[in-house]
Amino acid sequence: MTSWLVPKRTNTILYCERWAETAVFYQDQLNLPITFANDWFVEFQLTETSFLSIANAARATVAGVQGQGITLTWQVADVAAARTELTARGIKVTPIKQKWGSLVCYCVDPEGHRLELWQAGAEQDD
Numbered sequence: 002m003t004s005w006l007v008p009k010r011t012n013t014i015l016y017c018e019r020w021a022e023t024a025v026f027y028q029d030q031l032n033l034p035i036t037f038a039n040d041w042f043v044e045f046q047l048t049e050t051s052f053l054s055i056a057n058a059a060r061a062t063v064a065g066v067q068g069q070g071i072t073l074t075w076q077v078a079d080v081a082a083a084r085t086e087l088t089a090r091g092i093k094v095t096p097i098k099q100k101w102g103s104l105v106c107y108c109v110d111p112e113g114h115r116l117e118l119w120q121a122g123a124e125q126d127d
């Protein structure tokens, strides 16, 4: 990586037509902490330097894509535990499968963005 392009902070912004419902999903169902909010934009903290924002497409200069072409991939320590917790919160989650030497499962937010949860270098018990 070039020395002049080393991000100190990253923020992915999802422009949503179902903005309110999607913001509630990340706040209430995924329990992500809010770092900034106004009447059309909410920023959630994922890690110390990684953030996810949900913007109301009706108020933004960028159009929403209804989740098409977007996958958020989040590495977690224990994908089975994460899947169990999401399911307990009423979120539909795919079964865990192996992909590229990792264990993965998927769910979607109300806007249709796919979330991939993965655990590195794990073997699935049969």
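The letter at position 103 of the sequence shown is residue 104 when you use the numbering used here, and the numbering goes up by one with no holes.
By construction, the Cβ of each residue, glycine as well, lies at the ideal position given by its N, Cα and C atoms.
Residue i lies in the beta strand (DSSP E); which residues open and close that run?
| i | result |
| --- | --- |
| Leu53 | 51-57 |
| Lys93 | Segment: none, Lys93 is in no beta strand (DSSP E) and carries neither H nor E. |
| Val105 | 103-109 |
| Asn39 | Neither: Asn39 is in no beta strand (DSSP E) and is coded neither H nor E. |
| Arg115 | 115-120 |
| Ile71 | Note, Ile71: premise wrong, no beta strand (DSSP E); not H, not E. |
| Leu15 | 11-17 |
| Gln67 | Gln67 -> no beta strand (DSSP E), and no H or E assigned at all. |
Between which two residues does the alpha helix (DSSP H) carrying residue i extend?
| i | result |
| --- | --- |
| Leu31 | Unbroken run through Leu31: none, as it is neither H nor E. |
| Leu87 | 80-89 |
Please classify residue i as buried or exposed, where buried requires at least 16 other C-beta atoms within 10 Å of its C-beta.
| i | result |
| --- | --- |
| Gly122 | exposed |
| Arg90 | exposed |
| Asp127 | Only weak support exists for where Asp127 lies, its pLDDT of 44 falling under 50; the value from the coordinates is given anyway. By the neighbour-count rule (16 or more Cβ atoms within 10 Å), Asp127 is not buried but exposed. |
Measuring alpha carbon to alpha carbon, tell me which of the options ends up nearest residue i.
| i | options | result |
| --- | --- | --- |
| Val7 | Phe26, Leu31, Thr50, Gln30 | Thr50 |
| Thr85 | Gly65, Gln76, Cys106, Val43 | Cys106 |
| Ile35 | Phe45, Val66, Val94, Trp5 | Phe45 |
| Arg60 | Ala81, Leu47, Phe42 | Phe42 |
| Arg19 | Glu112, Val63, Thr48 | Glu112 |
| Lys93 | Asn39, Gly70, Ser103, Arg115 | Arg115 |
If I'm right that residue i touches residue j with Cβ under 8 Å, what's the distance once you round it to whole angstroms?
| i | j | result |
| --- | --- | --- |
| Val25 | Gly68 | The Cβ separation is near 16 Å, so there is no contact. |
| Trp119 | Thr74 | 6 Å |
| Ile97 | Val80 | 6 Å |
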